[in-house]
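A.B. asks:
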Amino acid sequence: MGLCNAAIPTETVYGLAADATNDDAVAQIFDAKGRPRFNPLIVHVRDIAMAEAYVSFSPLARALAEAFWPGPLTLVLPRRPDSAISLLASAGLDTLGLRAPRHPLAQAVIGAAGRPLAAPSANRSGAVSPTTANHVRESLGERVDVLVDGGASAVGLESTIIKVEDDAATILRPGGLSRSEIEAVAGAPLAAPRIDAGVEAPGMLASHYAPDVALRLSVTAPDDDEAYLGFGDHHRDGETSLNLSRAGSTREAAANLFSFLRQLDAVCAEHGLKAIAAAPVPEDDLGEAINDRLRRAAAPRSDMKTS
Ligand code: TXA
Ligand code: MG
Numbered sequence: 009m010g011l012c013n014a015a016i017p018t019e020t021v022y023g024l025a026a027d028a029t030n031d032d033a034v035a036q037i038f039d040a041k042g043r044p045r046f047n048p049l050i051v052h053v054r055d056i057a058m059a060e061a062y063v064s065f066s067p068l069a070r071a072l073a074e075a076f077w078p079g080p081l082t083l084v085l086p087r088r089p090d091s092a093i094s095l096l097a098s099a100g101l102d103t104l105g106l107r108a109p110r111h112p113l114a115q116a117v118i119g120a121a122g123r124p125l126a127a128p129s130a131n132r133s134g135a136v137s138p139t140t141a142n143h144v145r146e147s148l149g150e151r152v153d154v155l156v157d158g159g160a161s162a163v164g165l166e167s168t169i170i171k172v173e174d175d176a177a178t179i180l181r182p183g184g185l186s187r188s189e190i191e192a193v194a195g196a197p198l199a200a201p202r203i204d205a206g207v208e209a210p211g212m213l214a215s216h217y218a219p220d221v222a223l224r225l226s227v228t229a230p231d232d233d234e235a236y237l238g239f240g241d242h243h244r245d246g247e248t249s250l251n252l253s254r255a256g257s258t259r260e261a262a263a264n265l266f267s268f269l270r271q272l273d274a275v276c277a278e279h280g281l282k283a284i285a286a287a288p289v290p291e292d293d294l295g296e297a298i299n300d301r302l303r304r305a306a307a308p309r310s311d312m313k314t315s
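So the mapping is simple: the numbering used here equals the position in the sequence shown, first residue as 1, plus 8.
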């Protein structure tokens with residue numbers, strides 16, 4: 009693939025992909041995103057067979073991959089000593105984050121490349137992840153060499169990241185695969201990351217996935233000068249409001265979340281509103297990941313525009 013990057017659709021969010029075995033190709037992904045080099049990238053493979061050349065699978069890791077690949081699950085596994093993946097992609101860690109995406113176009117691009125592709129979400133670092141080709145265009149524009157339009161991402165949230173050490177599984181990032189689905193296969197509750205996990209999940213910075221305007225959480229009665237992101241019966245009519253799921257489905261809400269945050273950002277700019285107020289979302293199913301992203305989007309930022 010040389011040094012060409014390609015924005016590709018996946019079922020979670022769009023990724024900015026390049027040859028994971030080529031240091032220069034990986035470096036220009038970091039540059040295009042404005043991403044700090046200490047934050048490792050997810051490496052995308054077709055299947056377990058492709059992954060096995062680069063990481064070692066414990067029996068638990070294999071069981072999770074067999075149950076959920078292709079799909080919205082990233083496994084952080086020990087890097088094999090002879091792994092050909094660029095050290096830059098994994099930021100010098102002795103582990104690699106790998107995922108086999110389900111989207112047929114992502115599968116086709118990996119298959120055509122014939123090698124694993126490093127692909128972070130296709131947005132400027134710190135901004136909301138793209139769930140359509142248009143979002144990618146708005147966020148990265150000329151920094152993308154090839155843009156593959158595969159329609160709106162079906163899941164709409166980034167993958168769930170699980171670190172597996174022998175028979176222990178730790179959740180580093182809640183995402184598009186629910187905790188309960190994973191625990192059903194693991195046969196045990198997922199551990200929480202250690203307190204010093206800054207290094208365990210370097211991308212999980214407090215402020216992330218952030219829209220331009222301020223976000224206020226768990227609001228049942230939004231102010232007049234706020235746009236409203238509703239959920240279920242917490243609803244407001246009118247052009248400055250959107251409802252993530254009138255039916256109260258966290259799956260539907262996940263698919264709408266990033267797109268609606270972008271739309272309400274634009275609504276605030278257009279109507280001179282001061283903030284987005286978000287309705288409470290229950291923690292069940294994909295609610296855990298939705299609330300995680302909303303909290304990060306609401307976290308204080310030192311630099312609202314460029315982080
Ligand atoms: O759904 C997704 O995961 C999307 C699509 C494109 O696959 N990708 C995505 O990538 O969200 P990105 O780069 O935006 O987020 C990757 C996360 C970061 O938080 C990073 O720190 C973590 O994965 N990560 C990657 N490799 C890791 C490793 N070896 N150990 C711990 N965390 C890792
Ligand atoms: Mg990202």
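Idealized CB from N, CA, C, for every residue including glycine.
Could you pull the DSSP bridge partners for A26 from this structure?
C.D. replies: Within the sequence shown, residue 26 is the residue found at index 18, counting from 1. According to DSSP, which records beta bridges pairwise, A26 is partnered with A126.
A.B. asks: Say the cut is 7 Å; is the CB of R270 nearer than that to a heavy atom of ligand 1?
C.D. replies: Along the sequence shown, one-based indexing puts residue 270 at 262. Checking the Cβ of R270 against ligand 1 gives no.
A.B. asks: So for I284, helix, strand or coil by DSSP?
C.D. replies: Numbered from its first residue, the sequence shown carries residue 284 at position 276. Strand, per DSSP.
A.B. asks: So if DSSP puts K171 in a beta bridge, which residue, or which two residues, is it bridged to?
C.D. replies: Residue numbering aside, residue 171 sits at position 163 when the sequence shown is read from its first letter. Under DSSP, K171 shares a beta bridge with V84 and T178.
A.B. asks: For the pair the segment 194-202 and the segment 271-278, tell me if three or more CB-CB distances fall below 8 Å.
C.D. replies: no
A.B. asks: Using only the alpha-carbon positions, how far apart do F268 and A286 sit?
C.D. replies: Stepping through the sequence shown from its first residue, residue 268 is reached at position 260. Stepping through the sequence shown from its first residue, residue 286 is reached at position 278. Distance between the alpha carbons of F268 and A286 is about 11 Å.
A.B. asks: Per DSSP, what are the beta-bridge partners of N251 in this structure?
C.D. replies: Position 243 of the sequence shown, counted from the first residue, corresponds to residue 251. Beta-bridge pairing links N251 to G238.
A.B. asks: Any contact of the segment 165-175 with the segment 78-96, i.e. 3+ C-beta pairs under 8 Å?
C.D. replies: yes
A.B. asks: Where are the beta strand (DSSP E) runs, 3 residues long or more, that stay fully inside the segment 41-107, in chain order?
C.D. replies: 50-52, 81-86 and 103-107
A.B. asks: How many angstroms separate the CA atom of M312 from the CA atom of D220?
C.D. replies: Here residue 312 refers to the residue found at position 304 of the sequence shown. Here residue 220 refers to the residue found at position 212 of the sequence shown. At M312 the pLDDT is 43, less than 50, meaning the model places this residue with poor confidence; the figure from the coordinates comes in the next sentence. Taking the straight line from one Cα to the other gives about 7 Å.
A.B. asks: Closer than 8 Å is the cut-off here; do at least three beta carbon pairs connect the segment 116-134 with the segment 41-59?
C.D. replies: yes
A.B. asks: Taking 7 Å as the cut-off, is the C-beta of V84 nearer than that to any heavy atom in ligand 1?
C.D. replies: The residue labelled residue 84 in the question sits at position 76 within the sequence shown. Yes, the Cβ of V84 comes within 7 Å of a heavy atom of ligand 1.
A.B. asks: Could you compute how far the alpha carbon of G10 sits from the alpha carbon of D27?
C.D. replies: Here the question's residue 10 lines up with position 2 in the sequence shown. Here the question's residue 27 lines up with position 19 in the sequence shown. Interpretation of G10 is limited by its pLDDT of 49, a score under 50 that renders its predicted location unreliable; the figure taken from the coordinates is listed afterwards. If you take the alpha carbons of G10 and D27, they lie about 8 Å apart.
A.B. asks: Using CA coordinates, which residue listed in F65, V53 and A75 is at the minimum distance from A192?
C.D. replies: What you label residue 192 is simply residue 184 of the sequence shown in a count that begins at 1. Of F65, V53 and A75, the residue nearest in Cα terms is A75.
A.B. asks: Quick one, which of A297, V51 and P230 has its alpha-carbon nearest R107's?
C.D. replies: The residue given as residue 107 occupies position 99 in the sequence shown. It is V51.
A.B. asks: Among residues of its own chain, excluding the 5 on either side of T258, which ones have a beta-carbon nearer than 8 Å to its beta-carbon?
C.D. replies: In the sequence shown, the residue the question calls residue 258 occupies position 250. For T258, where only same-chain residues beyond five positions count, the Cβ hits under 8 Å are V289, P290, D292, D293, L294, G295 and I298.
A.B. asks: Under the rule that 16 or more other beta-carbon atoms within 10 Å means buried, what is P48, buried or exposed?
C.D. replies: Here residue 48 refers to the residue found at position 40 when the sequence shown is read from its first residue. Buried, since its Cβ has 16 or more Cβ neighbours within 10 Å.
A.B. asks: Can you tell me where the alpha helix (DSSP H) holding L302 begins and where it ends?
C.D. replies: By one-based count along the sequence shown, residue 302 stands at place 294. Here the alpha helix (DSSP H) through L302 covers G295 to A306.
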